[in-house]
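Residue numbers for the sequence shown, in this note's numbering: 1 to 587.
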Amino acid sequence: MGEQKVSLVKDQRQMQKFVKSLLDDVRSFEYMLENDWFENDITRIGAEQEMVMVHLDNFKPATVAIEALEKLTQYDWVGTELAKFNLETNLDPREFTTSCFHDMHKENSDKLNIIQNVLKDMGVSLVLTGILPTLRKYHLTMDNLTPKQRYYALMAAIHNQLQGSNFELRLDGLDELYLKHDSPLLEACNTSFQVHLQVASTDFVHKYNIAQAITAPIMAIGANSPIVFGKRLWHESRIALFQQALDTRASNEHMRERSPRVTFGKSWLNDSILEIYKEDISRFRVLLSSDVEEDSLALVSQGIVPKLRSLQVHNSTVYRWNRPCYGISDNGKPHLRIECRVIPSGPTVADEIANACLWLGLMEGMADSVPDIRKKMSFDDVTDNFTKAAKFGIDSKFTWFADKKISLVDLIKDELVPLAEHGLRLKKVDEGDITRYMDIIRERAEKHTNGARWMLRAFTGLKSETTIDEALSTLTATIIENQISGQEVHNWPIPDSYMIKDYRPSHLLVGECMETDLFTVQQSDILELVAEMMDWKKVRYLPVEDGQGKLAGLVTSRLLLRHFVKNRQSKKVFVVSDVMIKKSLHH
1 MGEQKVSLVK DQRQMQKFVK SLLDDVRSFE YMLENDWFEN DITRIGAEQE
51 MVMVHLDNFK PATVAIEALE KLTQYDWVGT ELAKFNLETN LDPREFTTSC
101 FHDMHKENSD KLNIIQNVLK DMGVSLVLTG ILPTLRKYHL TMDNLTPKQR
151 YYALMAAIHN QLQGSNFELR LDGLDELYLK HDSPLLEACN TSFQVHLQVA
201 STDFVHKYNI AQAITAPIMA IGANSPIVFG KRLWHESRIA LFQQALDTRA
251 SNEHMRERSP RVTFGKSWLN DSILEIYKED ISRFRVLLSS DVEEDSLALV
301 SQGIVPKLRS LQVHNSTVYR WNRPCYGISD NGKPHLRIEC RVIPSGPTVA
351 DEIANACLWL GLMEGMADSV PDIRKKMSFD DVTDNFTKAA KFGIDSKFTW
401 FADKKISLVD LIKDELVPLA EHGLRLKKVD EGDITRYMDI IRERAEKHTN
451 GARWMLRAFT GLKSETTIDE ALSTLTATII ENQISGQEVH NWPIPDSYMI
501 KDYRPSHLLV GECMETDLFT VQQSDILELV AEMMDWKKVR YLPVEDGQGK
551 LAGLVTSRLL LRHFVKNRQS KKVFVVSDVM IKKSLHH
């Protein structure tokens, strides 16, 4: 859940002190690596479950996190996330062997049930989905930021780095979404199921490169985030949305390249985990500081394992999709982990565990079968695959080993599932669990259906029958219903618009039902064009815009009729500015 005791950097002295501590942590880390301090004789797995909460009467975001947590104070495994409509749970780390996936599945379900029982009494339900369909831009105001110092400091720090006037979101899919927002709280749209794998320090480079190579197919087969603000966009829109939500860069006339803080990376890892930390310190300015009391170099010189708090604070503000993590085990030994951040929340716990099982199995199976992934494919192809997976999900076609072009579905069925099964057997995972979770992945591929594909089909059908808002509400209600049933997403039926019996459009704001895909005219357009457009598009009103797209007036069919009757004998060419309504439009 991140380091909570952080603050904005207030002055140069505080910055210098924190950076010195950060550099000391890197030197301490390097010493521990060189002298084999790390726990390398056991492999553990873990996960973090993010979720969103909605009101049961309208399926819109419920900003009740603080109230819910007050009723869950006896549980230390549940906590806040960025927005008041989100919660997060931590699953226990466990050894990667035998019944680990069955146990993780049960633990996650049990914890979610505890939360759901509390929320039910509040008229609220939790939802497991990468991006909530009913979420709208106006839900992402700073009023809905969780009131904690870390979040206030993070939002302020990112905003202070902004080079332009706004944060911008640009996404193209079946629909288009171009908008500006005044805060980086857009990040709160995303919920994920983050899986951790403990890795021996001696194997870190090899396994981190494998994690990079398999990110695309893992994301594509598990995609579950295709709808943002009522628009059908990328199959895993979380990827672009998260990057753009925290992107402080601005376009300019120079060729100066700047990297976003949300990143996949630019190259293979070659020698050490420290390459990542050193690059991130060099490339990204410090956003937050922490009142660090420990002297990590002094502790290391005494043989004491440091917590490396400064390094962890900085690492928490650079969002790699495969994030390196440092921790200390219960036995006091330091350990390294790789955190896979591309797996979305949902659609069901079973789907999430299947995604985790595939990733973890591939990490072990490929590490055993491929001595050096860098010799099998170029990093440019890995990056290209990553972007394709985010855009097209289960419909993707990748460049794989030896420059082979292959569809995601064929790659999953013919190569990756068998390789994952090999890796799971190396870790002596129970055969029943291997069969159960790998069958979910196989059936998804065979039916060509994951969460994103189901959601796109369902929403497209619903919006042809009813309003967009009712379609989104029906979609969300159906997700909740299917999650409760536990049926995996590839078996979900397509909903119809009659599933919500007590849908209440009276709860809508104007922004949820107004039309934004408009036909408009300009003041210099001739009235004959306006009349024809009204006839072609069967509309009675046309907004008048200026050259910058700002509203300048309104033309109505009644105005045109009066004009043509009055001037039917005239030879003069009349334009929109001659008849349009100008008064009170800005109110």
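Backbone N, C-alpha and C define an ideal beta-carbon position, used for all residues, glycine too.
- If you keep only unbroken alpha helix (DSSP H) runs of at least 4 residues inside the stretch 259-316, you get 274-283, 296-301, 309-315.
- Under the three-state reduction of DSSP output, residue 522 falls in the strand class.
- Residue 469 is classed as buried because its beta carbon has at least 16 other beta carbons within 10 Å across all chains shown.
- Residue 105 sits buried, since 16 or more C-beta atoms from the chains shown fall within 10 Å of its C-beta.
- DSSP, read as helix, strand or coil, puts residue 231 in strand.
- Residue 228 places its beta carbon less than 8 Å from that of residue 177.
- Residue 544 and residue 107 have their alpha carbons spaced roughly 58 Å apart.
- About 17 Å separates the Cβ atoms of residue 373 and residue 324, ruling out a contact at the 8 Å cut-off.
- If you look at residue 478, you'll find it in the alpha helix (DSSP H) that goes 468-485.
- Under a 10 Å Cβ-count criterion, residue 83 is classified as buried, with 16 or more other Cβ atoms of the shown protein chains found around its own Cβ.
- Rounded to the nearest whole angstrom, the C-alpha separation of residue 69 and residue 489 is 29 Å.
- Relative to residue 368, the option among 96, 156, 423 whose CA is nearest is 423.
- It is roughly 21 Å from the alpha-carbon of residue 441 to the alpha-carbon of residue 405.
- Distances from the CA of residue 129 to each of 167, 92, 86, 152 were compared; the closest alpha carbon is that of 86.
- DSSP lists 168 as the bridge partner or partners of residue 180.
- With contacts defined as CB atoms closer than 8 Å, residue 169 and residue 186 qualify as a contacting pair.
- For residue 402, the number of other beta carbons within 10 angstroms of its own is below 16, and it is reported as exposed.
- Looking at the DSSP output, residue 198 sits in a beta bridge with 337.
- Residue nearest to residue 65 within the set 200, 31, 146, 9 is 146 (criterion: CA-CA distance).
- Spanning the alpha carbons of residue 126 and residue 67 requires a straight line of approximately 14 Å.
- In the assembly as shown, residue 133 is a buried residue. Its beta-carbon has 16 or more other beta-carbons within 10 Å.
- Across the structure, residue 188 and residue 579 are spaced so that their CA atoms are roughly 46 Å apart.
- Here residue 162 carries a coil assignment [DSSP, helix/strand/coil].
- Residue 319 places its beta carbon 8 Å or farther from that of residue 264.
- Residues 574 of the same chain have their beta carbon placed closer than 6 Å to that of residue 527, with the five preceding and five following residues left out of the count.
- Taking residue 285 as reference, the option from 563, 261, 236 with the minimal CA-CA separation is 261.
- When DSSP states are grouped into helix, strand and coil, residue 554 belongs to the strand group.
- Judged by DSSP secondary structure, residue 447 falls within the alpha helix (DSSP H) whose first and last residues are 431-447.
- The three-state secondary structure of residue 493, taken from DSSP, is coil.
- Under the three-state reduction of DSSP output, residue 62 falls in the coil class, being neither helix nor strand.
- When the beta-carbon positions are compared, residue 438 and residue 415 stay at least 8 Å from each other.
- In the DSSP assignment, residue 94 is bridged to 45.
- For residue 155, the three-state secondary structure derived from DSSP is helix.
- Sequence-distant partners of residue 429 (beyond 5 residues in either direction) whose C-beta falls short of 7 Å from its own C-beta, in its chain, are 97, 98, 100, 101.
- Around residue 225, the same chain offers 130, 131, 236, 237, 238, 344 as residues with beta carbons nearer than 6 Å, after the five sequence neighbours per side are excluded.
- Judged by DSSP secondary structure, residue 541 falls outside any alpha helix (DSSP H) and instead within the beta strand (DSSP E) spanning 541-545.
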